[in-house]
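Report on one structure; see the data block that follows.
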Amino acid sequence: MVTDHATRPTAVRGPGLPASLTPALLERLAARASAAPDAARVTTTSPYTGAPLADLPVSTPEDVEVTFARARVAQKSWAATPIAERKRILLRYHDLVLARQDEALDLMQAENGKTRRDAFLEVVDIGIVSRYYARNAAKYLGPKRRRGAIPLLTHTTELRHPKGVVAVVSPWNYPLSMAASDTIAALMAGNAVVQKPDTQTALTALWSMDLMYEAGLPAGVWQMVLGRGSSIGGALMDNADYMMFTGSTATGRQIASDAGRRLIGASLELGGKNAMIVLDDADIEKAAEGAVNACFPSAGQLCVSIERLYVAESIRDRFVAAFVARTKKLKIGAAYDYSMDVGSLTTPSQLKTVTEHVDDAVSKGATVLAGGRTRPDLGPLFYEPTILTDVTPDMTLHDHETFGPVVSVYGYRDVDEAVARANSTPYGLNASVWSRNGARARAVAARVHAGTVNVNEAFAAAWGSVDAPMGGMGDSGLGRRHGADGILKYTEPQTVAHQRLQGFYPPARISPETWAGLLTGALKVMKAAGMR
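Note that the numbering used here has the sequence shown beginning at 9, numbered continuously upward.
Now the structure itself:
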């Protein structure tokens, strides 16, 4: 039998961890996972040092089944909870996240290896998203009067009902943002959530859930299971009423297929090979600084970060010099404060991918302008911010996502070529355009095949504009988070149409032929009157 709080596991505090991450805290968070008392355990390690961090319970498919059953019971009463009460809970959660941010920042750095500056942006994100859906959910979810079939005689209303129990599969690279932001919208829509965060960063996800309960969320409405997708992914899909997934394109394709088989909805934010276009009239110094902020946050382990840079030939040399100079000044290292610019990669497999991509490119003729090497002196998973040029299509990183602190710089002759090359991959997640002329840059942005395009910014402008949808085109995914789309996808629309006095069939005293003529005339009048 699964319990809300599994047997308390042994948490291991590695060397150098901040004092806030006590064994008691790590044990309490681990106990929040839904697993059997005798569950197997998995030990996570801190990327900064490679030392053990926590011992977590592993859920089984049977655990997932029981967790969903519990969620279905909780969801019924949660769906009946007035939106005003859901709003109060979410605003309390907003305040708790901001007030306890140091704890969250320590957890994110310990589990993910990112800098504190990058971790803080996740806190900001959750604050913005919480406030947005708390204060806009009633507008999106409330009954909507719709135009009836027959003016005055048909009263039509659109209602929104929660899907039921939503499965959220969240990744390790943004462990607070991806764990909480999608869940917030699903909860506000009246759903229960069963979430599978990546085990490497599960403590951060569990912390976010723990705070939501502290804010007043009823028991069972948000639960977490831990384990490999190969083990419990099938049970998640088989029980979910909707699937929210952030991760690789390959896994996303499988989830889309499985969701189609079950005839449930799915929203998928997948991979990217994002491009930045620097136009010939760009402010070179600002664009170079923007490129640093576009390519190296979270050590490049960000779905919307830039991996391809296209620069007008007329300014290419000056831009590259400025970009390289700034990159070489970045401070790399492990510190639980704001002193570092670039942190560690998160997993050995990610370090392997980055190393292989760069080594392959160099072996085939690419030129390293900055970085290009590991830094074992700083920790086991550090890799220097890397700028490459002379990259050709036969190199792996030309078309494939590296997901690390690596960017390739290319020149272009005219804007048509820049747009064509930016659009030359099957991905379409995020892009960036730089110019002194905003109207010109926006016109170029509209031609780029990407779900979000930022002008004179890397990704934060579009990401932070939570009133607008965010998501990918092509191999970068299906569906959107943020805005109306981000909450309505978790609902089933229902149309209630009340026909009064007279419907579409003729009354007894009028023949069908005469009635057809009358309706035909009415349709013509409505068109002539400009009615929609």
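Virtual Cβ for every residue (Gly too), placed ideally from N, Cα, C.
Check your understanding: What residues are listed by DSSP as bridge partners for Tyr391?
Key -> Thr382
Review point. How many Å lie between Ala248 and Met116 at the Cα?
Key: 28 Å
Review point. What three-state label does DSSP hand Thr207 in the structure shown?
Key: helix
**Study point:** Range of the contiguous alpha helix (DSSP H) that encloses Gln510
**Key:** First-last for Gln510: undefined, no H or E at that position.
**Study point:** Arg49 - partner residues in DSSP beta bridges
**Key:** Arg49 is bridged to Pro65.
**Study point:** Ala428 to Met252 span [Cα, whole Å]
**Key:** 31 Å
Practice item. Just the C-alpha distance for Val20 and Asp63, rounded to the nearest angstrom, thanks. Key: Residue placement at Val20 cannot be trusted, given a pLDDT of 36 that sits under 50; what the coordinates show is reported in the next sentence. For Val20 and Asp63, the distance between alpha carbons rounds to 7 Å.
**Study point:** Straight-line Cα distance separating Thr382 from Thr123
**Key:** 17 Å
Practice item. Flag this pair as yes or no: are the beta carbons of Val233 and Ser473 separated by less than 8 Å? Key: no
**Study point:** C-alpha distance - Ala210 paired with Asp349, whole-angstrom precision
**Key:** 24 Å
Review point. From Asp46, Ser440, Ala87, Asp493, pick the residue whose C-alpha is nearest to that of Ala200; which is it?
Key: Proximity to Ala200 across Asp46, Ser440, Ala87, Asp493 peaks at Ala87, based on C-alpha coordinates.
Point to revise | Where the beta strand (DSSP E) through Met252 begins and ends | key: For Met252, the enclosing beta strand (DSSP E) begins and ends at 250-254.
Exercise for review: Have a look at Ser256 and Tyr435 and give me their C-alpha separation to the nearest angstrom.
Suggested key: The straight-line gap from Cα to Cα measures roughly 12 Å.
Exercise for review: Could you tell me the distance, in whole angstroms, from the CA atom of Arg16 to the CA atom of Asp46?
Suggested key: At Arg16 the pLDDT is 32, less than 50, meaning the model places this residue with poor confidence and gives no usable figure here.
**Study point:** Endpoints, the alpha helix (DSSP H) within which Arg40 is located
**Key:** DSSP places Arg40 in no alpha helix (DSSP H); its state is neither H nor E.
Check your understanding: Is it right to say Pro90 is buried, meaning 16 or more other beta carbons lie within 10 angstroms of its own, or is it exposed?
Key -> exposed
Review point. Taking the alpha carbon of Leu386 as the point to measure from, which residue in Pro413, Ser352, Gly529 has its own alpha carbon closest?
Key: Ser352
**Study point:** Nearest residue (CA-CA) to Arg488, options Thr254, Ile134, Thr404
**Key:** Thr254
Check your understanding: Touching or not, the region 186-200 and the region 134-142, by the rule of three or more beta carbon pairs under 8 Å?
Key -> yes
Review point. Which residues in the same chain as Thr375 place their Cβ atom closer than 8 Å to its Cβ, once the five residues preceding and following it in sequence are excluded?
Key: Here the set comprises Leu396, Thr397, Asp398.
**Study point:** Residue from Asp367, Asn462, Asp424 with nearest C-alpha to Ala295
**Key:** Cα-wise, what sits closest to Ala295 is Asn462.
Check your understanding: Relative to the alpha-carbon of Gly135, which residue among Thr164, Glu166, Asn120, Ile192 has its alpha-carbon at the smallest distance?
Key -> Ile192
Review point. What are the partner residues of Glu166, as DSSP defines its beta bridges?
Key: Answer by DSSP bridge pairing, in chain order: Lys152, Thr503.
Point to revise | Buried/exposed call for Glu93, threshold 16 Cβ in 10 Å | key: exposed
Exercise for review: Leaving out five residues on either side along the sequence, give the residues of the same chain with a beta carbon under 7 Å from the beta carbon of Asp71.
Suggested key: Cβ neighbours of Asp71 within its own chain (closer than 7 Å, five residues either side excluded): Val10, Ser42, Ala43, Ala44, Val233.
**Study point:** Helix, strand or coil at Arg316 [DSSP, three-state]
**Key:** strand
**Study point:** contact_flag[the region 272-284, the region 310-324] where n(CB pairs < 8 Å) is 3 or more
**Key:** yes
Practice item. Tell me whether the beta-carbon of Ala82 lies closer than 8 Å to the beta-carbon of Pro170. Key: no
**Study point:** Distance between Ala516 and His506 (C-alpha atoms, nearest Å)
**Key:** 21 Å
Review point. Thinking C-alpha only, which one of Thr212, Val332, Lys204, Tyr318 is nearest Pro393?
Key: Val332
Point to revise | Tyr344 (DSSP reduced to helix, strand or coil) | key: coil
Review point. What is the residue span of the beta strand (DSSP E) that Tyr418 lies within?
Key: 414-420
Point to revise | Backbone CA spacing between Ala14 and Phe76 [nearest angstrom] | key: Any reading at Ala14 needs caution, since the residue's pLDDT is 35, under 50, leaving its predicted position unreliable; the model's value is listed next. If you take the alpha carbons of Ala14 and Phe76, they lie about 16 Å apart.
Practice item. Can you tell me which of Ala454, Ala458, Val452, Leu359 puts its alpha carbon nearest to the alpha carbon of Arg412? Key: First, the amino acid is wrong: residue 412 is Gly here, not Arg. It is Leu359 whose Cα lies nearest to the Cα of Gly412.
Review point. In or out: Lys535 buried (at least 16 other Cβ within 10 Å) or exposed?
Key: exposed
Point to revise | Given Val66 as reference, the closest of Thr57, Arg78, Val50, Arg80 once Cα atoms are compared | key: Val50
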